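S.K.: Dropping a structure here in structure tokens format, bear with me for questions.
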Amino acid sequence: MTVKDEILEHKEQLGVQFDDNLYVALMLGAIAKRHILISSSDPRESEVELKTIVGDVWRIRHHTLQIHGDDIHNWDHNKLLEFFVQDSQNFNMDAIYIILGLDKLPKQLQTLILEIMRTREIVFNGEKYHGGELFMVVGVLDDFHGKDKQLFSYLQDEFWFKQPHDPEPKESQISPKQIETNTGMIRNFKQVGETVQGVVVVPEMKRYIYDIIIFIRTHRCVATGLPGRWITEIELLSKALCVLFNRGFVIPSIIKLAARKLLPSKIRMIKPEHESSLQWGSDPELVNELMNRITPQLIVEDVLKKVSPPL
Numbered sequence: 017m018t019v020k021d022e023i024l025e026h027k028e029q030l031g032v033q034f035d036d037n038l039y040v041a042l043m044l045g046a047i048a049k050r051h052i053l054i055s056s057s058d059p060r061e062s063e064v065e066l067k068t069i070v071g072d073v074w075r076i077r078h079h080t081l082q083i084h085g086d087d088i089h090n091w092d093h094n095k096l097l098e099f100f101v102q103d104s105q106n107f108n109m110d111a112i113y114i115i116l117g118l119d120k121l122p123k124q125l126q127t128l129i130l131e132i133m134r135t136r137e138i139v140f141n142g143e144k145y146h147g148g149e150l151f152m153v154v155g156v157l158d159d160f161h162g163k164d165k166q167l168f169s170y171l172q173d174e175f176w177f178k179q180p181h182d183p184e185p186k187e188s189q190i191s192p193k194q195i196e197t198n199t200g201m202i203r204n205f206k207q208v209g210e211t212v213q214g215v216v217v218v219p220e221m222k223r224y225i226y227d228i229i230i231f232i233r234t235h236r237c238v239a240t241g242l243p244g245r246w247i248t249e250i251e252l253l254s255k256a257l258c259v260l261f262n263r264g265f266v267i268p269s270i271i272k273l274a275a276r277k278l279l280p281s282k283i284r285m286i287k288p289e290h291e292s293s294l295q296w297g298s299d300p301e302l303v304n305e306l307m308n309r310i311t312p313q314l315i316v317e318d319v320l321k322k323v324s325p326p327l
């Protein structure tokens, strides 16, 4: 069964509505054990759909945290740790954690979340908690229509990719009662994740990925090069997409899709005054206008046009 058929079946059987691309993004994060960001036009409506997918469809335990600009002073180290360890069974954090307004947290608390995501461990009240088989953080940012909101740089890089979401207003479809985790669904994620390693990536496809990364690194509008690990991450995302679409091997169109999803949130743009053509007499005002119009998404598209896929 393809992921498209799976989504259709869930909608028909449960009578719920949600964005197909949001479902795929969550599925990718779950099977690859990665964390994702959501770029939303309406975080509250995105929260409704996230809870519908995770709660109604998957029947998996989840927790939601809403950060507002006027209450950030009420958040401290212990309160944030309590959010992650709540309802943990046998000191096991086996849940999906949805955080709205992640960018509003001060840097020290963003750093704490980064440490939790990296180590999958928390020490709280003398007890040690571990991330379970399904431990995923989903950050929701209100930046769909505006300029991308930046997190603490290392935290930004810890999220796998940013999924755009422009939801339509709807009533909450999830019941308020506490959800018991569906262990069968978690086992299914684990089994699907294991099949990812069996997807074939021929040398020509690996070379294609290398070329894309190199062209991104050397692009005139990019300030810093991408770490080498993103070669592995694009390959992993390509494999995961192949599993969802029932393909046994990676093809160029899948790599392009993976690059479009993964790379924009990793690109750091140069400042207009550092643009290389200024050395040869370019008009600073025109360069400034150019840099205001260029986005990381456009850089990725520019690179994908220049790098020829293998025949």
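Quick note, my numbering runs 16 ahead of the 1-based positions in the sequence shown.
Glycine included, each C-beta is placed from N, C-alpha and C at the ideal position.
The structure presented is a predicted model; accordingly, all values stated were derived computationally and were not measured.
Do the CB positions of T240 and R284 come within less than 8 Å of each other?
M.R.: yes
S.K.: Just to confirm, are I174 and R134 a CB contact at a threshold of 8 Å?
M.R.: First, the amino acid is wrong: residue 174 is Glu here, not Ile. Result yes, Cβ atoms of E174 and R134 sit closer than 8 Å.
S.K.: Measure the C-alpha to C-alpha separation of I267 and M221 and round it to an integer number of angstroms.
M.R.: 7 Å
S.K.: Under three-state DSSP, which class holds Q105?
M.R.: strand
S.K.: Between the C-alpha atoms of E301 and I229, what's the straight-line distance to the nearest angstrom?
M.R.: 30 Å
S.K.: Tell me, to the nearest whole angstrom, how far the beta carbon of L252 is from that of A48; I am working on the premise that it is less than 8 Å.
M.R.: 6 Å
S.K.: Provide the residue span of the beta strand (DSSP E) that contains E143, from first to last.
M.R.: 143 to 147
S.K.: Within the stretch 108 to 144, note down every full beta strand (DSSP E) run reaching 3 residues or more, in order along the chain.
M.R.: Qualifying beta strand (DSSP E) stretches, in chain order: 112 to 116, 137 to 140.
S.K.: Put T80 into one of helix, strand or coil per three-state DSSP.
M.R.: strand
S.K.: Please state if the CB of I69 and the CB of L157 are separated by a distance shorter than 8 Å.
M.R.: no
S.K.: Kindly indicate which three-state DSSP category Q179 falls into: helix, strand or coil?
M.R.: The answer is strand: DSSP assigns Q179 an E or B state.
S.K.: Which of the three DSSP states, helix, strand or coil, is assigned to V303?
M.R.: Residue state, collapsed to three classes: helix.
S.K.: Of all the alpha helix (DSSP H) runs that stay within the bounds of the stretch 249 to 320, which reach a length of 4 or more residues?
M.R.: 268 to 278, 300 to 309
S.K.: Express the C-alpha separation of F100 and K67 in angstroms, rounding to a whole number.
M.R.: Taking the straight line from one Cα to the other gives about 17 Å.
S.K.: Can the beta-carbon of I83 be found less than 8 Å from the beta-carbon of L130?
M.R.: no
S.K.: Is it true that the stretch 301 to 317 meets the stretch 201 to 216, where meeting means three or more beta-carbon pairs spaced less than 8 Å apart?
M.R.: no
S.K.: Between the Cα of N338 and the Cα atoms of L273, I286, N204, I138, which residue gives the shortest distance?
M.R.: A question about residue 338 goes unanswered here, because the residues of the chain that appear run from 17 up to 327.
S.K.: Can the beta-carbon of L320 be found closer than 8 Å to that of K272?
M.R.: yes
S.K.: Classify G71: buried if its beta carbon has 16 or more other beta carbons within 10 angstroms, exposed otherwise.
M.R.: buried
S.K.: On the premise that H79 lies in contact with Y113, defined as a C-beta separation below 8 Å, what is that separation, rounded to the nearest angstrom?
M.R.: 5 Å
S.K.: Looking only at DSSP bridge pairs, what is H51 linked to?
M.R.: F175
S.K.: Do N37 and Q16 come within 8 Å of each other at the CB atom, strictly closer than that value?
M.R.: Not covered by the structure: residue 16. The range shown for the chain is 17 to 327.
S.K.: Have a look at D299, V154, Q105, V64 and flag the residue whose alpha-carbon is nearest the alpha-carbon of Y145.
M.R.: The shortest Cα separation from Y145 among D299, V154, Q105, V64 belongs to Q105.
S.K.: Within its chain, find whatever has a CB closer than 8 Å to the CB of R233; leave out the 5 residues flanking it on each side and keep chain order.
M.R.: Excluding residues up to 5 positions away in sequence, G241, L242 lie with their Cβ nearer than 8 Å to the Cβ of R233 in the same chain.
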